[in-house]
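For reference, the structure discussed in these notes is given below.
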Amino acid sequence: MRALTRRHFVGGSIAAGATMAGGLPVLPSARAAGPELAPELPEGTRASAVLDSLPGKKPLIKLTYRPPNYETPIEYFREAITPNDAFFVRYHLAFIPEVDAKSWRLSVGGDGANGQAQLTLDELKALPPVEVVAVNQCSGNRRGLFQPHVPGVQWAYGAMGCARWKGVRLKDLLDQVGVKKEAVEIAFEGADGPVADKTPDFVKSLPVWKAVEDTTLVAYEMNGQPLPHFNGFPVRLVVPGWTGTYWMKHLTTIRALLRPEANFWMSSAYRIPLGRFPLVTRFTSQDTAANTPITEMVVNSLVTSHRDGAEVQAGSPVGGVAWDGGYGIRAVEVSRDGGMSWSAATLGPDLGRYAFRTWSFRLKDKGRQTVMARAINTIGATQTAALIANPAGYHHNVMHSVWLSVI
Ligand SMILES: Nc1nc2c(c(=O)[nH]1)N[C@H]1C(S)=C(S)[C@@H](COP(=O)(O)O)O[C@H]1N2
Ligand SMILES: [Mo]
């Protein structure tokens, strides 16, 4: 039954027999053995999180089902590219329609545009294609590791992934309608929505300067395949360098705005205290005296080759991935004495400044040891030793460590 349902889903339609609840299929859930969960997570999350397969996906760590919030097990981050069927899934609202690619239309306009356009998927694909390898990371990735705990989805390490995205430049679409000089932001809406009328629809905006960057894409392919349903089929926004909240899935509407977008998801959610993080890019049309929208990702890395307690042969490598907000990773360093001394790791292939950069380091000395990693980007920013507290639990980039027995 599950295999049948899955096969139908991959094709993009609902299987006969699967019922819909607010756009989500109600399926017998596939439970494998329990996932390995970080000990720092809240008790309740550790008790309830299970490995579970959404249609078309490998077993991922289920944190909530309605709306679906599933994270990628850390083992998938041993490679720079995250497979589509293991890529994390994050939704705010539970009504997620199956979009029919034939009847789908993208509308481009708004009061900050001179004209209007409507495109079919074929018309979109007829525009010059562009590719970028980029990390999509939820602002709240690792929120579950915050001490003290903060409310929100209790993600551990896997609310992120890196893919090769293909699509058209958002700038090329905006040029078709002409953006007025006075426009301040570009706003985005997707086909999903709230089940209850009172919940605000998910609408996000970008400053015009970020929207028209060469790498900001309206993407229809991920790792050479159409986007998976749960990652935004048929088309999503790709905003390299910036956190996942701006990467609108099931994109239907693009509007140039003469006034800043004021809905809940811009004015209240996804905000960080002013001045607390060492970030470069700003979203000034949305600033208040107290806070500012989250923008670029902070520099970060993980040790992914081994779990706590693993045995490693002396001389064999440990490693992981590093990434940042698009300046590019300059170095990854490893410490085995709690951060007193550091040695350079070897960096893997460079897939571009927005991509995961793999790294590895050979452990020579035998015995039990804790391996801690830190990444440094090309503008000299690095990770923090102590958590930078903020109410919504964003930008966790505390240095990650794993203890190992080298034999
Ligand atoms: N339509 C739509 N797009 C969305 C969201 C959403 O709830 N609805 N969530 C955003 C957030 S907060 C994140 S982190 C990313 C997650 O992308 P993924 O589900 O493909 O991993 O999608 C973004 N785009
Ligand atoms: Mo997110």
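Going by the numbering used here, the sequence shown opens with residue 479, and the numbers climb by one from there. We put the beta carbon where it would ideally sit given N, CA and C, even for glycine.
Can you list, in chain order, the residues of its chain with a C-beta nearer than 8 Å to that of V686? Leave out the 5 residues immediately preceding and following it.
Here residue 686 refers to the residue found at position 208 of the sequence shown. Counting only Cβ-Cβ distances below 8 Å, and skipping sequence neighbours, we find V657, A661, V662, E663, I664, A734.
On the CB-based measure, 16 or more other CB atoms within 10 Å of its CB, does G645 come out buried or exposed?
Position 167 of the sequence shown, counted from the start, is the residue given in the question as residue 645. Buried.
Report the CB separation of T473 from G639 in whole angstroms; it is logged as a contact under 8 Å.
With the chain running from 479 to 885 in the structure shown, residue 473 is simply not present.
Does E691 come out as helix, strand or coil in the three-state DSSP assignment?
For the purposes of this step, residue 691 is identified with residue 213 of the sequence shown, where counting begins at 1. Coil, per DSSP.
Could you round the C-beta distance between F565 and N709 to whole angstroms and report it? I think they count as a contact, below 8 Å.
Within the sequence shown, residue 565 is the residue found at index 87, counting from 1. Within the sequence shown, residue 709 is the residue found at index 231, counting from 1. The pair is a contact, with the Cβ atoms about 6 Å apart (cut-off 8 Å).
Excluding sequence positions up to five away, which residues of its chain have a Cβ less than 8 Å from the Cβ of N769?
To locate residue 769, count along the sequence shown from 1; it is residue 291. Excluding sequence neighbours, N769 sits near R749, I750, P751, L752.
Would you say the beta carbon of F742 comes nearer than 7 Å to a heavy atom of ligand 1?
In the sequence shown, the residue the question calls residue 742 occupies position 264. Result no, Cβ not under 7 Å from ligand 1.
Where does F839 land, buried or exposed, given buried means 16+ other C-beta within 10 angstroms?
For the purposes of this step, residue 839 is taken as the residue at position 361 of the sequence shown. Buried is the call here.
Less than 8 Å between the CB atoms is what I'm expecting for G797 and S783, so what's the real figure, rounded?
Translated into positions along the sequence shown, residue 797 becomes position 319. Translated into positions along the sequence shown, residue 783 becomes position 305. Yes, they are in contact, since the Cβ atoms of G797 and S783 sit about 5 Å apart, within 8 Å.
For the pair the segment 841-858 and the segment 580-589, tell me if three or more CB-CB distances fall below 8 Å.
no
Straight-line Cα distance separating S883 from A558:
Numbered from its first residue, the sequence shown carries residue 558 at position 80. Numbered from its first residue, the sequence shown carries residue 883 at position 405. The straight-line gap from Cα to Cα measures roughly 26 Å.
Tell me, please, which residues DSSP counts as bridged to K682.
Taking the first residue of the sequence shown as 1, we reach residue 682 at position 204. Note: K682 sits in a beta bridge opposite F666.
Residue from E609, A669, T523 whose Cα sits closest to the Cα of V628
Walking along the sequence shown from the start, residue 628 turns up at place 150. Of the listed residues, the one whose Cα sits closest to V628 is T523.
K649 and V716 look like a contact to me (Cβ under 8 Å); what is the Cβ gap, rounded to whole Å?
In the sequence shown, counting from the first residue as 1, residue 649 sits at position 171. In the sequence shown, counting from the first residue as 1, residue 716 sits at position 238. Not confirmed; about 13 Å, so no contact.
Cutoff 6 Å; reference H873; Cβ partners in own chain excluding five residues on either side
Counting from one through the sequence shown, the residue named residue 873 turns up at place 395. F755, V776.
Using 10 angstroms around the beta-carbon of D530, count the other beta-carbons present and answer buried if the total reaches 16, otherwise exposed.
Sequence index remark: in the sequence shown, residue 530 carries index 52 (1-based). So D530 ends up on the buried side.
Can you grab the Cα-Cα spacing for the pair R484 / L532, in whole Å?
Counted from its first residue, the sequence shown places residue 484 at position 6. Counted from its first residue, the sequence shown places residue 532 at position 54. Because the pLDDT of R484 is 31, which lies under 50, any placement of that residue in the model is unreliable, and the number read from its coordinates should be weighed accordingly. Cα-Cα distance, rounded: 8 Å.
Express the C-alpha separation of G806 and P827 in angstroms, rounding to a whole number.
Against the sequence shown, residue 827 aligns to sequence position 349. Against the sequence shown, residue 806 aligns to sequence position 328. Each residue's alpha carbon lies about 12 Å from the other.
Just list the residues that DSSP pairs E514 with in beta bridges.
To locate residue 514, count along the sequence shown from 1; it is residue 36. Beta-bridge pairing links E514 to no other residue.
Short of 7 Å in beta carbon distance, which residues of its chain neighbour N875, apart from the five on each side in sequence? Order them along the chain.
Locating residue 875 in the sequence shown gives position 397, counting from the first residue. V776, V777, N778, Q861, T862, listed in sequence order.
Any heavy atom of ligand 2 inside 7 Å of the beta-carbon of C616?
Taking the first residue of the sequence shown as position 1, residue 616 is located at position 138. Because some heavy atom of ligand 2 lies under 7 Å away, the Cβ of C616 counts as near it: yes.
Please report the residue range of the beta strand (DSSP E) in which W801 lies.
Sequence index remark: in the sequence shown, residue 801 carries index 323 (1-based). 795-801 is the extent of the beta strand (DSSP E) around W801.
With a CB to CB cut of under 6 Å and the five nearest residues on each side skipped, what residues in its chain are close to K540?
Along the sequence shown, one-based indexing puts residue 540 at 62. Within the same chain, K540 has close Cβ partners V528, D530, Y548.
In terms of alpha-carbon separation, which member of N855, K535, T836 lies closest to D802?
As a position in the sequence shown, residue 802 is number 324, starting the count at 1. Taking only the C-alpha atoms, the option nearest D802 is N855.
Given that a residue counts as buried once 16 or more other Cβ atoms are within 10 Å of its Cβ, and exposed if not, what is P537?
The sequence position of residue 537 within the sequence shown is 59, counting from 1. With 16 or more other Cβ atoms within 10 Å, it is buried.
Do F555 and ligand 4 come close, with the Cβ less than 7 Å from some heavy atom?
Absence of ligand 4 from the depicted structure is noted, with ligand 1 and ligand 2 being the only ligands included.
Length of the line joining the Cα atoms of P517 and A525:
Taking the sequence shown and counting its residues from 1, one reaches residue 517 at position 39. Taking the sequence shown and counting its residues from 1, one reaches residue 525 at position 47. Taking the straight line from one Cα to the other gives about 11 Å.
H448 and G816: beta carbons closer than 8 Å?
Outside the displayed span of the chain (479 to 885) sits residue 448, for which this structure offers no information.
Quickly, what does DSSP pair M726 with across the bridge? List them, please.
Counting from one through the sequence shown, the residue named residue 726 turns up at place 248. Beta-bridge pairing links M726 to no other residue.
Beta-carbon proximity of E739 to I885, cut-off 8 Å:
The sequence position of residue 739 within the sequence shown is 261, counting from 1. The sequence position of residue 885 within the sequence shown is 407, counting from 1. No, these two residues do not count as a Cβ contact at 8 Å.
Measure the alpha-carbon distance for V504 versus D692 and round it to whole angstroms.
For the purposes of this step, residue 504 is identified with residue 26 of the sequence shown, where counting begins at 1. For the purposes of this step, residue 692 is identified with residue 214 of the sequence shown, where counting begins at 1. Because V504 sits at a pLDDT of 47, beneath the cut-off of 50, its placement in the model cannot be relied upon, and the following sentence gives the value as read from the coordinates. Approximately 40 Å between the Cα atoms of the pair.
Name the DSSP bridge partner or partners of Q654?
Locating residue 654 in the sequence shown gives position 176, counting from the first residue. In the DSSP output, where bridge partners are listed per residue, Q654 has none listed.
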